[in-house]
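Heads up, the thing below is written out as structure tokens.
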Amino acid sequence: MAAQHHTGHHDDDHFDGEQDFHVSYKGYATGFILSVILTAIPFWLVMAKVLPGPKVTGLVILAFAAVQMVVHMVYFLHMNAKVEGGWSMLALLFTVALVVIMLAGSVWVMYHMNANMMPTPDPAAMRNMP
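Residues in the sequence shown are numbered from 4 upward in steps of one, following our numbering.
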């Protein structure tokens, strides 16, 4: 039996034959514009010293960075629940969970090591230590 070939025109902007997900210039342009905006706003916030302190500034910049990561994943990496039957999204969620556990555990261990390993401020107690 001879192999059947697709004789129709193959669109270059079609992501995969199995999914109904199309890549378009409009999608790339939207992603690019959102990325520029999400970069320019934090830059302006820092340069104009709009926010009250460094902690607030850091948190706001981290929030903009998180939103920008989502924009990149959606518009440039084309990640959604439909691609590859949802397996790429499941792999992303698993990776995020592992990173959060590792970072939280590392911070927790370092905090407790710092709190428990610091020498006492009393010099007399330091002299009596073995």
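Backbone N, C-alpha and C define an ideal beta-carbon position, used for all residues, glycine too.
With a Cβ-Cβ cutoff of 9 Å, do His81 and Val26 count as a contact?
Contact flag set, yes.
Quick check on Asn117: does DSSP put it in helix, strand or coil?
Helix at Asn117.
Assign Asp125 to one of three DSSP states: helix, strand, or coil.
Coil, per DSSP.
Would you call the CB atoms of Leu41 and Val70 closer than 9 Å?
Contact: yes.
Identify which residue in Met116, Gly108 and Leu37 has its Cα closest to the Cα of Ala68.
Answer by Cα proximity: Leu37.
If the criterion is Cβ atoms closer than 9 Å, does the pair Gly34 and Phe79 meet it?
Against a cut-off of 9 Å, the Cβ pair of Phe79 and Gly34 comes out as a contact.
Between Asn83 and Val77, which are expected to be in contact by the criterion C-beta below 8 Å, what is the C-beta distance as a whole number of angstroms?
That belief holds up - the Cβ atoms of Asn83 and Val77 are roughly 7 Å apart, short of 8 Å.
Looking only at its own chain, which residues have a Cβ that is under 8 Å from the Cβ of Asn60, when we skip the five neighbours before and after it?
The sequence given here has Thr at residue 60, not Asn. These residues qualify, in order along the chain: Leu48, Val49 and Leu54.
In whole angstroms, what is the alpha-carbon distance linking Leu95 and Ala118?
Each residue's alpha carbon lies about 34 Å from the other.
Helix, strand or coil for Leu96, going by three-state DSSP, please let me know.
If DSSP states are grouped into helix, strand and coil, Leu96 belongs with the helices.
So Gly89 is in the alpha helix (DSSP H); what residue range does that whole segment cover?
Run containing Gly89: none; DSSP gives neither H nor E here.
Along the alpha helix (DSSP H) that carries Ser38, what are the first and last residues, could you check?
Unbroken alpha helix (DSSP H) run through Ser38: Tyr28 to Met50.
Counting along the chain, where does the alpha helix (DSSP H) carrying Pro57 start and finish?
It spans Pro57 to Tyr78 - the alpha helix (DSSP H) in which Pro57 sits, taken as one unbroken run.
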